[in-house]
Amino acid sequence: MFSLRRIIYAKAVYPNMWKIHGAGISGSYLFNRLKNEGIEVSISDPKISNFYIPCGFATNRKRIKPYLEKSGIDMEGIQTSSDERVTIEGNNFPPLVLDSTDICTIDKMMFEALLLQGIEPEKKTDVTGSDYHVDATGISRSLLPAPARDKRMFAIEKVCDRSPYDNFYFYFFPKGRGYFWSFPVGDHFHIGAGGIDLMEVRGSLSSFQGLRLLSRNIRMGPIMENIHYGNVVGIGESIGYISPLLGEGIIPGLESAEMLASSILKGNSFEEILMDYEKQVNVSLRKFQKLATLVENIQASKVMTMENIGALRLALSEAKNFGINIKLTKVLRHFL
Ligand SMILES: Cc1cc2nc3c(=O)[nH]c(=O)nc-3n(C[C@H](O)[C@H](O)[C@H](O)COP(=O)(O)OP(=O)(O)OC[C@H]3O[C@@H](n4cnc5c(N)ncnc54)[C@H](O)[C@@H]3O)c2cc1C
Numbered sequence: 000m001f002s003l004r005r006i007i008y009a010k011a012v013y014p015n016m017w018k019i020h021g022a023g024i025s026g027s028y029l030f031n032r033l034k035n036e037g038i039e040v041s042i043s044d045p046k047i048s049n050f051y052i053p054c055g056f057a058t059n060r061k062r063i064k065p066y067l068e069k070s071g072i073d074m075e076g077i078q079t080s081s082d083e084r085v086t087i088e089g090n091n092f093p094p095l096v097l098d099s100t101d102i103c104t105i106d107k108m109m110f111e112a113l114l115l116q117g118i119e120p121e122k123k124t125d126v127t128g129s130d131y132h133v134d135a136t137g138i139s140r141s142l143l144p145a146p147a148r149d150k151r152m153f154a155i156e157k158v159c160d161r162s163p164y165d166n167f168y169f170y171f172f173p174k175g176r177g178y179f180w181s182f183p184v185g186d187h188f189h190i191g192a193g194g195i196d197l198m199e200v201r202g203s204l205s206s207f208q209g210l211r212l213l214s215r216n217i218r219m220g221p222i223m224e225n226i227h228y229g230n231v232v233g234i235g236e237s238i239g240y241i242s243p244l245l246g247e248g249i250i251p252g253l254e255s256a257e258m259l260a261s262s263i264l265k266g267n268s269f270e271e272i273l274m275d276y277e278k279q280v281n282v283s284l285r286k287f288q289k290l291a292t293l294v295e296n297i298q299a300s301k302v303m304t305m306e307n308i309g310a311l312r313l314a315l316s317e318a319k320n321f322g323i324n325i326k327l328t329k330v331l332r333h334f335l
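For the sequence shown, numbering that gives the first Met the number 0 gives the first residue as 0, with consecutive numbering after it.
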């Protein structure tokens, strides 16, 4: 509950309304943070309530905690599975069973619903008027201008009631073309694949019988231009704020939303908010750019470049952040 004084204070410092478009992970989190601070905020999304947008639901238990704490949500209430082990395999290396660094799956849809605190998003995207708008529309990037270059991959996922792999399993396609995954999610499995070759992606999943089958593109490169445009500012996958190495977008989505929330809460003008936010997101966007270049170089068989060697350590720390504890020597053996 907010005190009347806090609402009056918020109204005086933040006279314009923030309208968030997109009730995925990043939009729902930002909505929660602003609403809890007494800032006037609305959220819209045309999807039908509880509509499942494909996602492996894998994340990192330790790294998600600060966002749960800020939004007052219990990990126990949303975690569906976790494991001490992760298995990775590739075209030229046999299965490696590695230690997990806190990988888990969550009920992402329940998390989003809890963040919205029972509020049903408006169905219509209204961008008229003098309000401030947030593009949290993910791959659609519906409000911000289309980028000159947009690196995407195909992704397909099946929700299955069984899997030949009982822990977290990754199979990497040759030459950095993408990967296949099987993740336990409670009593089900999210089995999917993402990659640049649609036939390869489809082929890797053909033997699995899914209770549901969904697909969408996934953005695999940051969009450095037009992070904001006019009175619109972007968060999450709409600006390519997603790790292009493994397609990890849940924690990055929360991170970018938290950065925008913190910039707004400094109580400055819209222009100052944008400058502060851009400064914060650019640090990770530059890191994502290095990783996207590494992936592109590997796809083009340009492996042993100085650029790649510098980016490899970054890639290993990115894998560890997601939950896979892999050593440099093992990676090199796979790609050489
Ligand atoms: C198959 C697949 C598996 C994945 N697995 C993982 C994983 O295991 N772990 C992980 O961390 N990441 C994973 N990702 C990535 C992750 O799901 C996304 O990066 C993350 O959910 C992006 O969050 P977001 O809030 O930016 O966008 P989204 O979650 O995509 O939300 C965007 C929302 O905007 C809405 N929208 C669209 N147009 C409009 C409009 N005009 N007006 C209003 N609303 C609109 C959509 O309906 C949607 O609800 C996966 C992605 C795919 C495709």
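Where is the CB? At the ideal position from N, CA and C, for every residue including glycine.
Taken in chain order, the complete beta strand (DSSP E) segments of 3 residues or longer contained in the stretch 122-181 are 131-134, 151-159, 167-171. Counting only the Cα atoms, leucine 253 lies some 13 Å from serine 237. Bounds of the alpha helix (DSSP H) holding asparagine 296 are 269-298. Distances from the CA of aspartate 101 to each of Lys326, Gly322, Leu327 were compared; the closest alpha carbon is that of Gly322. Bridge pairing for threonine 104: Ala57, Ser80 [DSSP]. With a cutoff of 7 Å, alanine 291 does not count as near ligand 1, since its C-beta is closer than that to no heavy atom of the ligand. The three-state secondary structure of lysine 326, taken from DSSP, is coil. Excluding five sequence positions before and after glutamate 83, the CB atoms of its chain that fall closer than 6 Å to its own CB belong to Ser99, given in chain order. Of the heavy atoms belonging to ligand 1, at least one sits nearer than 7 Å to the Cβ of glutamate 247. With contacts defined by Cβ atoms closer than 8 Å, arginine 176 and glutamate 156 do not form a contacting pair. Residue nearest to asparagine 307 within the set Ser316, Asn296, Glu317 is Asn296 (criterion: CA-CA distance).
The shortest CA-to-CA distance from aspartate 275 to any of Trp180, Trp17, Arg218, Leu259 is the one to Leu259.
Histidine 20 is a Cβ neighbour of serine 43, given a cutoff of 8 Å. With a 10 Å radius around the Cβ and a threshold of 16 neighbouring Cβ atoms, leucine 143 comes out buried. Counting only the Cα atoms, methionine 16 lies some 32 Å from arginine 215. Under the criterion of beta carbons closer than 8 Å, methionine 223 and glycine 246 do not qualify as touching, at roughly 19 Å.
Annotation: the stretch 201-240 contains the following complete segments of the beta strand (DSSP E) (minimum length 3 residues), in chain order: 211-218, 231-233. Lysine 34: member of the alpha helix (DSSP H) spanning 24-35, first to last residue. Closest in C-alpha terms to cysteine 159, from the list Leu204, Glu119, Leu264, Arg140, comes Leu204.
The count of Cβ pairs closer than 8 Å, one atom from the stretch 122-135 and one from the stretch 185-202, stays below three, leaving the stretches out of contact. Exclusion of the five residues before and after glycine 117 leaves no residue of its chain whose Cβ lies closer than 8 Å to its Cβ. In chain order, Asp101, Ile250, Asn320 place their CB closer than 8 Å to the CB of arginine 62, counting only its own chain and leaving out the 5 sequence neighbours on each side.
If you look at glycine 252, you'll find it in the alpha helix (DSSP H) that goes 249-264.
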